[in-house]
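In my numbering, the protein residues as written are 202 to 263. This report concerns only the one structure given below.
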């Protein structure tokens, strides 16, 4: 059995849920209902960098 989350050559997507949660998701799997693709198809590091950039742009609560 091949596990797409751990394969070195797997390409990924960045998904966002209706509640604003982000997920790095293998591109070979169907996008879960209600989630939207916001980045990719790309290598895992590109997706991680995308999410980190989003986090860095979020305002900090006082």
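Just so it is clear, CB atoms sit at the ideal spot from N, CA and C, and this is done for glycine as well.
Buried or exposed by the 16-neighbour rule on C-beta atoms within 10 Å, applied to residue i
i: residue 235; result: exposed
i: residue 240; result: buried
i: residue 215; result: buried
Expected contact under 8 Å - CB spacing of residue i and residue j to nearest Å
i: residue 217; j: residue 237; result: 6 Å
Close beta carbons around residue i, own chain, < 7 Å, minus the five adjacent residues each side
i: residue 243; result: 212, 213
Contacting residues, own chain, Cβ-Cβ under 8 Å from residue i (five flanking each side not counted)
i: residue 248; result: 213, 214, 215, 225, 240, 241
Segments of 4+ residues assigned as alpha helix (DSSP H) that fall wholly inside the region 208 to 233:
none
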